[in-house]
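*Asks:*
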Amino acid sequence: MSATATPTAPDESTRRSGRHRLSEGKRAERRLGWLLCAPAAIVMLAVTGWPIIYSVWLSLQRYDLRFPHEREFVGLANYVTVLTSSYWWQAFGVTLLITVVSVAIELVLGMALALVMHWAIVGRGLVRTVTLVPYGIVTVVAAFSWRFAWSQDLGYLARLFSPEGAPLTERASALAIIVLAEVWKTTPFMALLLMAGLALVPGELLRAAAMDGASAWQRFTKVIVPVMKPAILVALLFRTLDAFRVFDNIFVLTAGAQGTSSVSMLTYNNLIKGLNLGVGATMSVLIFIAVAVIAFVFVKGFGTAAPGSDRDGRR
Amino acid sequence: MGGPTRGGRRAAAMLGVAALVAPALAACGAATDDGIVINLYNAPEQNLGKVVETCNQRAAGRYRIVLNTLPRGADGQREQLVRRLAAHDSDMDVLGLDITWTPEFAEAGWIREWTGRHKEEAERDVLPGPLASTRWKGRSYAAAKNSNVQLLWYRSDLVDQPPATWQDMISTAQRLQQQGKPGTVLLTGAQYEGLFVNYNNIVGALDGHILSEDGSRAVMDDATVKALEVLRDFARSGVTSPSLTNQREDDVRLAFQSGNAAFQINWPFVHPATKAGNPQVFQNMKWAPLPGVEPGKPGRATIGGANYGVSAYSRHPEEAFDAVLCLRDAENQKFQAVKDGLPPTLASVYDEPEMAEAYPMRDVIREQLRDPALRPMTPAYQNVSTVMSTVLSPPSAIDPKATADRLREELQAAIESKGVLP
Numbered sequence: 001m002s003a004t005a006t007p008t009a010p011d012e013s014t015r016r017s018g019r020h021r022l023s024e025g026k027r028a029e030r031r032l033g034w035l036l037c038a039p040a041a042i043v044m045l046a047v048t049g050w051p052i053i054y055s056v057w058l059s060l061q062r063y064d065l066r067f068p069h070e071r072e073f074v075g076l077a078n079y080v081t082v083l084t085s086s087y088w089w090q091a092f093g094v095t096l097l098i099t100v101v102s103v104a105i106e107l108v109l110g111m112a113l114a115l116v117m118h119w120a121i122v123g124r125g126l127v128r129t130v131t132l133v134p135y136g137i138v139t140v141v142a143a144f145s146w147r148f149a150w151s152q153d154l155g156y157l158a159r160l161f162s163p164e165g166a167p168l169t170e171r172a173s174a175l176a177i178i179v180l181a182e183v184w185k186t187t188p189f190m191a192l193l194l195m196a197g198l199a200l201v202p203g204e205l206l207r208a209a210a211m212d213g214a215s216a217w218q219r220f221t222k223v224i225v226p227v228m229k230p231a232i233l234v235a236l237l238f239r240t241l242d243a244f245r246v247f248d249n250i251f252v253l254t255a256g257a258q259g260t261s262s263v264s265m266l267t268y269n270n271l272i273k274g275l276n277l278g279v280g281a282t283m284s285v286l287i288f289i290a291v292a293v294i295a296f297v298f299v300k301g302f303g304t305a306a307p308g309s310d311r312d313g314r315r
Numbered sequence: 001m002g003g004p005t006r007g008g009r010r011a012a013a014m015l016g017v018a019a020l021v022a023p024a025l026a027a028c029g030a031a032t033d034d035g036i037v038i039n040l041y042n043a044p045e046q047n048l049g050k051v052v053e054t055c056n057q058r059a060a061g062r063y064r065i066v067l068n069t070l071p072r073g074a075d076g077q078r079e080q081l082v083r084r085l086a087a088h089d090s091d092m093d094v095l096g097l098d099i100t101w102t103p104e105f106a107e108a109g110w111i112r113e114w115t116g117r118h119k120e121e122a123e124r125d126v127l128p129g130p131l132a133s134t135r136w137k138g139r140s141y142a143a144a145k146n147s148n149v150q151l152l153w154y155r156s157d158l159v160d161q162p163p164a165t166w167q168d169m170i171s172t173a174q175r176l177q178q179q180g181k182p183g184t185v186l187l188t189g190a191q192y193e194g195l196f197v198n199y200n201n202i203v204g205a206l207d208g209h210i211l212s213e214d215g216s217r218a219v220m221d222d223a224t225v226k227a228l229e230v231l232r233d234f235a236r237s238g239v240t241s242p243s244l245t246n247q248r249e250d251d252v253r254l255a256f257q258s259g260n261a262a263f264q265i266n267w268p269f270v271h272p273a274t275k276a277g278n279p280q281v282f283q284n285m286k287w288a289p290l291p292g293v294e295p296g297k298p299g300r301a302t303i304g305g306a307n308y309g310v311s312a313y314s315r316h317p318e319e320a321f322d323a324v325l326c327l328r329d330a331e332n333q334k335f336q337a338v339k340d341g342l343p344p345t346l347a348s349v350y351d352e353p354e355m356a357e358a359y360p361m362r363d364v365i366r367e368q369l370r371d372p373a374l375r376p377m378t379p380a381y382q383n384v385s386t387v388m389s390t391v392l393s394p395p396s397a398i399d400p401k402a403t404a405d406r407l408r409e410e411l412q413a414a415i416e417s418k419g420v421l422p
């Protein structure tokens, strides 16, 4: 019967100390638990673990679909090829730039939006719905409308801002448009995550701070932000990982022309268009490592955890 | 709680599996019930379905062709075909291939060689340009379906005589601009295949070689360096559109159609499209062969178009070869030339009376197809094209000697599929 009781904090210590004295029934229960989890765990391993292992294996081979007879094991040669290629580093730089700039802008705008959504007095539902519209639009569709808007002679934005030039053909302006499209599209997502964090800030804390004479800005920086920190970090982590894999906007807007390729675009070009499984797999492994590093830095360096999860669980 | 329930459970599980698998098996069976099915995969063409119907009637039950339409863009078509061929998909029989894919598919062993009676019939009466595009390493791997070739389109109300060389064209355009008339020269300058095609035209006019004949070495001879210079000088001459580096075929067509240009280099689809789009411009729209570089030496045009190949994994190759021969015979080529605007590959079709109305420019096209500029033949064509369009873009930044050196190096890596593609 004790199993049905909700576990509370005091239970924790007793359970931990009594781990090796499990009763027969508990052990059976645990076995059942494992059995129930097993299918999910096996499926998870099959759909995520195997492709990762296979990519690593492919990345160690010379393997081009068009030259099937030349397949051979080449060790780390593909990594040397990719890591000494100027195209790769250019794409890496572009990806980092887009990631940092767009996530920074999204954080500021998202926070502003979250505050508006949280404290909207009239038409709260309407405000929230309208804010989320960009996030509900398929990225490729949105990217196409940006492309037409910025096309010379056709688009209203191009006509407004640069009637003579073609903004998507210049590197700097093309990158700016890519960032703009990214920001427009995913700021609502950022705002949504931040709003969840805002809900954690107790109203009485703010009122107490106000009583103590804290200005609105002080309340924001000294009360709201510290309390929200876990939510902010999670939002940043999600968006950074997302932004690092940017693909669809670039694919539609410039197709990587004028040095606007991201690492994902480059991988696609080598893997799907070039049919070079070896080099393509090498790139995806490198992206995987980069994403893992970002996640590691966020989790270990900044102490990101799921909002609401207790501090002890993290250690 | 022992054997019986477990056994029952197992039975139930077997039943479940059977229920899941049965419809799939039934579906497999159904396909073979009504004779041999030849699956044709091709780019969207409005009237190809009618051609398929004609051929099905003629086959009289020996086989039935089923048309499957691929995506509109060439990259999307190639991706789908390649992915399935790499997986040895036996449900594809006849493949509509862009002419630049022949070496790639042949080298990978994805398409069958044409021999004997089939080969003889597929090569009869075919113009030399398209014919060359069906071969790889001296063997025949495809049947020429339709061709395509760019022409120089100009406004006869602005220009009396079409220019014979690039220099002519540039100075005519500059003169028009000085007179305050529309003097723009339009071509496909975006960073994609279209930019490379323009460069290849110039290389062709100078008899240059980008790769060696067998496609194994990056050559980039002196003529190609000269061609880089011509392209750069054009891009810097002030007669191009401001959005040169973002324009593809249809952007060029629309810009010409709006009446602000004197010349465009484009495919024949602009003829019917401009007729519908702006009859006023169309009235004065005339065509000529592409300009050359040296006076007295005509220009050469890069040919496009499509071939039919038979998949190496097809279960009915014999019927597939026959189906191809029907799909691209003279009558069907004429039908598609008139209806879909696809230039035929058979010389005799150009003389048919129906061609005169739909194809007023047919003589110029046929002339260009006799001695065209072929794109480099190599299994790694996709790599070559990607490297070329990246390095050539933007054309105004070309530095002939240095660009040629860079191309030689990157192309060599590209044809060996060694380096990183941009």
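Chains A and B supply the protein sequences, listed in that same order.
First residue of the first sequence: 1, per the UniProt record's numbering; consecutive thereafter.
First residue of the second sequence: 1, per the UniProt record's numbering; consecutive thereafter.
Even glycine gets a Cβ: it sits at the ideal position worked out from N, Cα and C.
1) For the alpha helix (DSSP H) that contains T187/A, what are its first and last residues?
2) In or out: S156/B buried (at least 16 other Cβ within 10 Å) or exposed?
3) Compare the Cα-Cα distances from L290/B to each of P272/B, A218/B, V185/B and S389/B and report the closest residue.
4) Between G208/B and A227/B, is the Cβ-Cβ spacing less than 8 Å?
5) Which of the three DSSP states, helix, strand or coil, is assigned to Q333/B?
6) Checking the sheet assignment: what are the DSSP bridge partners for residue 430/B?
7) Could you pull out every unbroken beta strand (DSSP E) segment of at least 3 residues lying fully inside the segment 252-299 of chain B, listed in chain order?
8) So, at 6 Å on beta carbons, what are the nonlocal neighbours of A235/A in its own chain, with the 5 sequence-adjacent residues on each side left out?
9) Name the residue from L131/B, W110/B, G109/B and I38/B whose alpha carbon lies nearest to the alpha carbon of K119/B.
10) Mind checking if D64/A is an interface residue toward chain B, Cβ cutoff 8 Å exclusive?
11) Which of helix, strand or coil does DSSP assign to T240/B?
12) Enumerate in chain order the residues of its own chain whose CB-to-CB distance from D405/B is below 6 Å, with the five nearest sequence positions on each side excluded.
13) Measuring alpha carbon to alpha carbon, tell me which of I272/A, F251/A and F298/A ends up nearest F238/A.
14) For N201/B, which of helix, strand or coil comes out of DSSP?
15) Using a Cβ-Cβ distance under 8 Å, would G183/B count as near chain A?
16) Suppose you measure from the CA of Q179/B to the CA of D233/B; what does that come to, to the nearest Å?
17) Would you be able to state if there are at least three C-beta pairs under 8 Å between the segment 48-61 of chain A and the segment 72-80 of chain A?
18) Determine, using beta carbons only, whether K137/B comes closer than 8 Å to chain A.
19) Kindly identify the DSSP beta-bridge partner or partners of N68/B.
20) Please list, in chain order, the chain A residues whose beta carbon lies closer than 9 Å to that of W419/B.
21) Verify whether the separation of the beta carbon atoms of Q258/A and Q191/B is less than 8 Å.
22) In whole angstroms, give me the CA-to-CA distance for A46/A and F335/B.
23) Using Cβ-Cβ distances below 8 Å, what residues of the segment 169-200 of chain A are close to chain B?
24) Consider the Cβ of L275/A: report whether some Cβ of chain B lies at a distance smaller than 8 Å.
25) Apart from the five residues on each side of it in sequence, which residues of its chain come closer than 7 Å, Cβ to Cβ, to G419/B?
26) Would you grab the beta carbon distance between E354/B and V364/B for me? Rounded to a whole angstrom, and I think it's under 8 Å.
27) Could you give the distance in angstroms between the alpha-carbon of F144/A and the alpha-carbon of I250/A?
28) If you check the beta carbons only, do residue 320/A and T95/A fall under 8 Å apart?
29) With a threshold of 8 Å between beta carbons, is A257/A in contact with chain B?
30) Using a Cβ-Cβ cutoff of 9 Å, what residues of the segment 73-85 of chain B are near chain A? List them in chain order.
31) Take the Cβ of L195/B as the centre, count every other Cβ of all protein chains shown within 10 Å, and call the residue buried at 16 or more, exposed below.
32) Looking at C-alpha atoms only, which residue of N146/B, Q46/B and D125/B is the closest neighbour of Y308/B?
33) Does the CB of P422/B have a neighbour CB from chain A at under 8 Å?
34) Quickly, what does DSSP pair S140/B with across the bridge? List them, please.
35) Can you have a look at L407/B and say buried or exposed, based on whether 16 or more other CB atoms are within 10 angstroms of its CB?
36) So is A276/B buried or exposed if we call it buried at 16+ other beta carbons inside 10 Å?
*Replies:* With the given structure in hand:
1) Residue mapping note: residue 187/A aligns to position 187 of the first sequence, counting from 1. R171 to L198 is the span of the alpha helix (DSSP H), which, as asked, contains T187/A.
2) Stepping through the second sequence from its first residue, residue 156/B is reached at position 156. Exposed, because fewer than 16 other Cβ atoms sit within 10 Å of the Cβ of S156/B.
3) To locate residue 290/B, count along the second sequence from 1; it is residue 290. Comparing Cα positions, the closest option is V185/B.
4) On the second sequence, residue 208/B is found 208 positions in, with the first residue counted as 1. On the second sequence, residue 227/B is found 227 positions in, with the first residue counted as 1. It is a contact, given that the beta carbons lie within the stated cut-off.
5) For the purposes of this step, residue 333/B is taken as residue 333 along the second sequence, with counting starting at 1. Correct three-state label for Q333/B: helix.
6) What is shown of chain B runs 1 to 422, which leaves residue 430/B out entirely.
7) 261-266 and 285-288
8) Along the first sequence, one-based indexing puts residue 235/A at 235. Cβ contact annotation for A235/A (same chain, cutoff 6 Å, sequence separation greater than five): M190, L193 and L194, in chain order.
9) As a first step, residue 119/B must be located in the second sequence, where it is residue number 119. When each option's Cα is compared against that of K119/B, the closest is L131/B.
10) Locating residue 64/A in the first sequence gives position 64, counting from the first residue. Judged by the 8 Å Cβ criterion, D64/A is in contact with chain B.
11) Here residue 240/B refers to the residue found at position 240 when the second sequence is read from its first residue. Reduced to three states, the DSSP call for T240/B is strand.
12) By one-based count along the second sequence, residue 405/B stands at place 405. The beta carbon of D405/B sits closer than 6 Å to none of the beta carbons in its chain outside the five residues before and after it.
13) Residue numbering aside, residue 238/A sits at position 238 when the first sequence is read from its first letter. It is F298/A.
14) Working through the second sequence from its first residue, we reach residue 201/B at position 201. Three-state result, N201/B: helix.
15) Start at 1 with the first residue of the second sequence, and residue 183/B comes out as number 183. No, its Cβ sits nowhere closer than 8 Å to a Cβ of chain A.
16) Numbered from 1 along the second sequence, position 179 holds the residue referred to as residue 179/B. Numbered from 1 along the second sequence, position 233 holds the residue referred to as residue 233/B. Q179/B and D233/B: Cα-Cα distance of roughly 22 Å.
17) Look at the beta carbons and you see the segment 72-80 of chain A touching the segment 48-61 of chain A: at least three pairs across the two are nearer than 8 Å.
18) The residue you call residue 137/B lines up with position 137 of the second sequence. So no, K137/B is outside the interface.
19) Within the second sequence, numbered from 1, the residue matching residue 68/B stands at position 68. Partner(s): Y41/B.
20) Within the second sequence, numbered from 1, the residue matching residue 419/B stands at position 419. Just to set this straight, residue 419/B is Gly in the shown sequence, not Trp. Those are T81, S85, Y87 and V279, listed as they occur along chain A.
21) If you number the first sequence from 1, residue 258/A lands on position 258. If you number the second sequence from 1, residue 191/B lands on position 191. Closer than 8 Å, so yes.
22) Within the first sequence, numbered from 1, the residue matching residue 46/A stands at position 46. Within the second sequence, numbered from 1, the residue matching residue 335/B stands at position 335. If you take the alpha carbons of A46/A and F335/B, they lie about 52 Å apart.
23) T169
24) In the first sequence, the residue the question calls residue 275/A occupies position 275. Chain B, which has a Cβ nearer than 8 Å to the Cβ of L275/A, makes this yes.
25) If you number the second sequence from 1, residue 419/B lands on position 419. The residues are E410 and A413.
26) Stepping through the second sequence from its first residue, residue 354/B is reached at position 354. Stepping through the second sequence from its first residue, residue 364/B is reached at position 364. Rounded, the Cβ-Cβ distance is 18 Å, inconsistent with contact.
27) Taking the first residue of the first sequence as position 1, residue 144/A is located at position 144. Taking the first residue of the first sequence as position 1, residue 250/A is located at position 250. Taking the straight line from one Cα to the other gives about 10 Å.
28) Outside the shown range of chain A, which is 1 to 315, sits residue 320/A, and nothing can be said about it.
29) Stepping through the first sequence from its first residue, residue 257/A is reached at position 257. So, interface residue.
30) Within the segment 73-85 of chain B, the qualifying residues are D75, R78, E79, V82, R83 and L85.
31) As a working note, residue 195/B is residue 195 in the second sequence. Under this definition L195/B is a buried residue.
32) Position 308 of the second sequence, counting from 1, holds the residue named residue 308/B. Measuring from the Cα of Y308/B, the nearest candidate turns out to be N146/B.
33) Working through the second sequence from its first residue, we reach residue 422/B at position 422. Yes, its Cβ sits closer than 8 Å to a Cβ of chain A.
34) Position 140 of the second sequence, counted from the start, is the residue given in the question as residue 140/B. Bridge partners of S140/B: R135/B.
35) As a working mapping, residue 407/B is identified with position 407 in the second sequence. L407/B should be labelled buried.
36) Indexing the second sequence from 1 puts residue 276/B at position 276. The residue in question, A276/B, is exposed, as its Cβ has fewer than 16 Cβ neighbours within 10 Å.
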